[in-house]
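One structure below.
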Amino acid sequence: ASRMNKKRKNIYLHLFLLISPLLWRDEQGSVRSAYLREMDEVTREWREAAEKEE
Numbered sequence: 017a018s019r020m021n022k023k024r025k026n027i028y029l030h031l032f033l034l035i036s037p038l039l040w041r042d043e044q045g046s047v048r049s050a051y052l053r054e055m056d057e058v059t060r061e062w063r064e065a066a067e068k069e070e
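Okay, so the sequence shown: first residue is 17 according to my numbering, each after it adds one.
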């Protein structure tokens with residue numbers, strides 16, 4: 017399960033790097049806020065998964 021998680025983390029990291037330039041051009045900030053909310057959920061999942069593994 018942890019190997020799968022690591023792969024998923026890498027995918028999200030690449031997405032993050034791809035999407036970042038688009039975000040800073042988002043004048044209303046609507047895409048950014050939705051995206052940051054999504055990232056919050058993802059990082060919470062990672063933390064919970066990491067805590068379970070310990």
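Cβ atoms here follow ideal geometry from the backbone N, Cα and C, with glycine treated the same way.
This one's a predicted model, so the numbers in the text were calculated from it and none came from an experiment.
Whole-angstrom C-beta distance between residue j and residue i, which should lie under 8 angstroms
{"i": "Lys25", "j": "Trp62", "result": "6 angstroms"}
{"i": "Ser18", "j": "Glu57", "result": "About 19 angstroms separates the two Cβ atoms, so there is no contact after all."}
{"i": "Ile35", "j": "Tyr51", "result": "7 angstroms"}
Nearest to residue i (by Cα), restricted to the options the options
{"i": "Leu38", "options": "Arg48, Met20 and Leu29", "result": "Arg48"}
{"i": "His30", "options": "Ala65, Met55 and Ser46", "result": "Met55"}
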